[in-house]
Amino acid sequence: MTERFRYDNRIAKDFLFITIFWGAVGMLVGLIAALELVIPDLNFAKWISFGRIRPLHTNAVIFAFVGNAFFAGAYYSMQRLLKTRMYSDVLSRIHFWGWQLIILSAAITLPLGMTQGKEYAELEWPIDIAITIVWVVFGINMMGTILKRRERHLYVAIWFYIATWVTVAMLHIFNSLAIPASLFKSYSVYAGVQDALVQWWYGHNAVAFFLTTPFLGLMYYFLPKAANRPVYSYKLSIIHFWSLIFIYIWAGPHHLLYSALPEWAQSLGVVFSVMLIAPSWGGMLNGLLTLRGAWDRVREDPVLKFFVVAVTCYGMATLEGPLLSIKSINAIAHYTDWIVAHVHIGGIGWNGFLTFGMVYWMVPRLFGNKLYSTKLANAHFWLGTLGIIFYAVPLYFAGFFQSLMWQQFTPDGFLVYKNFLDTLLEIKYAYWLRAMGGTIYLVGVFIMVYNVVKTVKAGRLIADEDAEAAALEKLDKEPGGHWHTWIERRPVQMLVWSLVAVAIGGAIEMIPTFLVKSNVPTISSVKPYTPLELQGRDIYVREGCYTCHSQMIRPFRGETERYGEYSKAGEYVYDHPFQWGSKRTGPDLHRVGGKYPDSWHYYHMWDPTTMSPGSLMPAYPALFQDALDTTTTRRKIEAMITLGVPYEKEYGADFPLRANAHLVEQSRKIAANLKGAGVETPIDMEIVALIAYLQRMGTDIKAAPASTTAAK
Amino acid sequence: MSVIILLLLVSTSVAGLFLLGFIHAVRRGQFDDDRSPAVRILHEDDPRQTKTP
Chain H
34 MTERFRYDNR
44 IAKDFLFITI
54 FWGAVGMLVG
64 LIAALELVIP
74 DLNFAKWISF
84 GRIRPLHTNA
94 VIFAFVGNAF
104 FAGAYYSMQR
114 LLKTRMYSDV
124 LSRIHFWGWQ
134 LIILSAAITL
144 PLGMTQGKEY
154 AELEWPIDIA
164 ITIVWVVFGI
174 NMMGTILKRR
184 ERHLYVAIWF
194 YIATWVTVAM
204 LHIFNSLAIP
214 ASLFKSYSVY
224 AGVQDALVQW
234 WYGHNAVAFF
244 LTTPFLGLMY
254 YFLPKAANRP
264 VYSYKLSIIH
274 FWSLIFIYIW
284 AGPHHLLYSA
294 LPEWAQSLGV
304 VFSVMLIAPS
314 WGGMLNGLLT
324 LRGAWDRVRE
334 DPVLKFFVVA
344 VTCYGMATLE
354 GPLLSIKSIN
364 AIAHYTDWIV
374 AHVHIGGIGW
384 NGFLTFGMVY
394 WMVPRLFGNK
404 LYSTKLANAH
414 FWLGTLGIIF
424 YAVPLYFAGF
434 FQSLMWQQFT
444 PDGFLVYKNF
454 LDTLLEIKYA
464 YWLRAMGGTI
474 YLVGVFIMVY
484 NVVKTVKAGR
494 LIADEDAEAA
504 ALEKLDKEPG
514 GHWHTWIERR
524 PVQMLVWSLV
534 AVAIGGAIEM
544 IPTFLVKSNV
554 PTISSVKPYT
564 PLELQGRDIY
574 VREGCYTCHS
584 QMIRPFRGET
594 ERYGEYSKAG
604 EYVYDHPFQW
614 GSKRTGPDLH
624 RVGGKYPDSW
634 HYYHMWDPTT
644 MSPGSLMPAY
654 PALFQDALDT
664 TTTRRKIEAM
674 ITLGVPYEKE
684 YGADFPLRAN
694 AHLVEQSRKI
704 AANLKGAGVE
714 TPIDMEIVAL
724 IAYLQRMGTD
734 IKAAPASTTA
744 AK
Chain Y
5 MSVIILLLLV
15 STSVAGLFLL
25 GFIHAVRRGQ
35 FDDDRSPAVR
45 ILHEDDPRQT
55 KTP
């Protein structure tokens, strides 16, 4: 029996429009950040200084641009692939507005410095909870739609959407676990090495399951539709999906090669990362070969052009990924602009171009007319491609050569570039070119905005599109004596029981994890941060210092000569969150403690060029005007005690109450030090706390002979 | 490194979940036909275009 129904085009349209809006905003913020790197004076207010703007950029382009693009494409394709309207229009609306409110709150809180200090997971705990709720709403809506489908077979794109939903839910929850110290300040429950491992397990899989699998699903729908021919091999697409999701989950540790993470965990990550080349390239070739015999159309159709470059960039990024996971290559590329170039091939090439192709394909169909101008779309394509090249190529060069400069020695065994800044200034030209590439790319986006506006004005939204399909007949109960057939007949039941199993398993493992003492080799001389240092550390996190400075010295001669003793896992046991960083635009800071006098830091934070002429670091005058908020000290210390930091053992049970007295006492010492160097400063300014933290960093192991004991 | 056990467990659970989904899908015949689904998505289902009632 044929049934008539209507597709909800309005929700796809809303998500698509907001994608374009946030995309333009997020990329503009990225451009500002790129310019701040070459013109430090642009960091004129604390709200837009690089350390706060960079997380805003990454969150905006990942969660607002790519996220909304996925939702737009998924809401459009899912209804058509499943031959049904979405399960619930109300849930669709809640999903849409909920997600936009989350983005808005991110756009407000990140410039204010409210951050958890973990890359791509910066948003504070109330927003994390909101994300979870909205994600569940999306999941219910998606599963409901799948259950009421009129098409027995689940097209491969649907599988990609399901995998995206399940895995992102898991990653988000486990990485965001934190103990709140106030409404907008919380501490990661994990510390140091463990926090790093969880973070990069999340971080890598965010790339895998937020930027890759959803877009592969979109590719498998929109590419064949735009080419009007079936995907090259449907069988290959199924193999692509299942092999990809089983391998991707384990690749995270390749972000921590040569770090203090145990060697075996690093090797595990490398093996799976290298294996990833097979499914990735299988999928990439499957996409490109779909166009076999249709390459003449690629010449004319801007949609196909965008898709071809997108899939090619996917291929480039997924070739590079496994290569970068090989330790000897990683030793060169890690911490450099090479990685920045690599992720932008993925970001603006794969995600960006696939989205643009989708926009040009969907808008005319949603508005029942033709695209306003194919010429402008072609112009956008060429500007975008040029933008990608100008963005990435200089950074590849810059990253490679800066890394060589870091490791370069004279014949007598001294560092050629003793001053880190010299290596940065050598590659400043690449930062200019990158900003230029970004500008070109963004101009293309604005051309698209104009084209879309014109197309929309000339047409009318087909809010509810008529469709018809045969009703799905119930399958006869399968004969079979297998014990698990009962559960397989009921998909919902299976899902619920599986989730219960996961939850029980998770709980069994989590409880001992937090109760039993960590078996990271503890170094007896490593002590908790003092209240003033803790406050200073929170300023370090707030200002996003980790976006440019690492706190992880790798065991290479070039690094130990430059920075000092290589970093040990046991030094980070009180770091909630870890601040290893992933990019060195400035030098590593793990052993900066005691390297310079207090007054050096004082002048340097006021104006970095006074201490390092030519420095590209922002000045932080606000730290000299804002008094430290000491009302939070007690709650912060209490939160740390909850997390197992032994303040009570070190200072006595009533320490939270006395914390501020201790803080003032230490502030006086630093002020006296500064006074000795001819600097008069009030003791209650934020700069004092920051100096306290900077001077503490990496000094604990110098205090006593390093006696390592592996506590169970 | 106790947290790695947590991560392995969580990842394995999810992988197991996917494995169950895979076995389930295979047994329900989801992958018996590996040709026509790719073609079928190209057909529009606009009632105005259908010829048979």
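Protein chains in written order, with this note's numbering: chain H, 34 to 745; chain Y, 5 to 57.
All residues carry an ideal CB built from backbone N, CA and C; glycine is no exception.
Cβ-based contacts, 9 Å cut-off: residues of the stretch 217 to 235 of chain H near chain Y: Y223, V226, Q227, D228, L230, V231, W234
Helix, strand or coil at H:E671 according to DSSP, with G and I counted as helix: helix
Inter-residue spacing [alpha-carbon to alpha-carbon] between H:W639 and H:Y629: 15 Å
Per-residue burial, H:Y464 [other beta carbons within 10 Å of its own, 16 or more giving buried]: buried
Please check if any C-beta of chain H sits within less than 8 Å of the C-beta of Y:V7. yes
Taking the CB atoms as reference points, tell me whether H:T117 and H:T178 lie closer together than 8 Å. yes
Can you find the residues in the same chain that come closer than 7 Å, C-beta to C-beta, to H:H634, ignoring five residues on each side of it along the sequence? I724, L727
According to a CB-to-CB cut-off of less than 9 Å, which residues of the stretch 163 to 195 of chain H neighbour chain Y? E184, R185, H186, L187, Y188, V189, A190, W192, I195
Using the three-state DSSP reduction, which class does H:L324 fall into: helix, strand or coil? coil
Within-8 Å CB hit, Y:V30 to chain H: no
With a threshold of 8 Å on Cβ separation, who are the neighbours of H:I272 within its own chain once the five nearest residues in sequence on each side are excluded? P312, G315
Residues of the stretch 377 to 402 of chain H with a CB closer than 7 Å to any CB of chain Y: list them in chain order, please. none
Quick one: which chain Y residues come within Cβ less than 9 Å of H:K258? I45, L46
Could you pull out every residue in the same chain whose Cβ sits closer than 7 Å to the Cβ of H:A139, ignoring the five residues on either side in sequence? N92, L156, I160
Leaving out the 5 sequence neighbours to the left and right, which residues in its chain are closer than 8 Å to H:K403 when beta-carbon positions are compared? P397, T488
Report the three-state DSSP secondary structure of H:I164 (helix, strand or coil). helix
When you compare the stretch 443 to 454 of chain H with the stretch 377 to 396 of chain H, are there three or more beta-carbon pairs, one atom per stretch, that lie closer than 8 Å? no
DSSP-derived helix/strand/coil call for H:R330: helix
Where H:A502 sits in the DSSP three-state scheme: strand
Can you confirm whether H:T664, when its beta carbon is compared against all beta carbons of chain Y, has any partner nearer than 8 Å? no
Using the three-state DSSP reduction, which class does H:P213 fall into: helix, strand or coil? strand
Extent of the continuous beta strand (DSSP E) to which Y:D37 belongs: Run containing Y:D37: none; DSSP gives neither H nor E here.
Under 8 Å, do H:W371 and H:F433 count as touching if we go by C-beta distance? yes
Determine, using beta carbons only, whether H:W130 comes closer than 8 Å to chain Y. no
State buried or exposed for H:N261, treating a residue as buried only when at least 16 other CB atoms are found within 10 Å of its CB. exposed
Keeping to the same chain, check which residues put their C-beta closer than 7 Å to that of H:S219; ignore five residues upstream and five downstream. Q149, E157, W158, A211, I212, P213
Pick out whichever of H:Q299, H:S557, H:T732, H:F589 has its Cα sitting closest to the Cα of H:P286. H:Q299
Report yes if the C-beta distance between H:G236 and H:Y153 is below 8 Å; otherwise report no. yes
Does any C-beta atom of chain Y lie closer than 8 Å to the C-beta of H:K268? yes
Please state whether DSSP places H:Y188 in a helix, a strand or coil. coil
Once the 5 residues before and after H:E353 are set aside, which same chain residues still bring their CB inside 8 Å of it? H375, I378
Contacts around H:S583, its chain only, beta-carbon distance under 8 Å, and the 5 residues preceding and following it disregarded: Y368, W613, G614, S615, K616, R617, D621, L622, H623
Spatial neighbours of H:I27 within its chain, please: C-beta separation below 6 Å, excluding the five flanking residues on both sides. For residue 27 of chain H there is no data in the structure shown, the boundaries of chain H being 34 and 745.
Taking the continuous beta strand (DSSP E) assigned at H:K218, which residues delimit it? 218 to 221
Among H:Y108, H:I280, H:Y253, H:L145, the one whose alpha carbon lies nearest that of Y:G20: H:I280
For a test of the three-state rule: what should DSSP assign to H:A66, helix, strand or coil? helix
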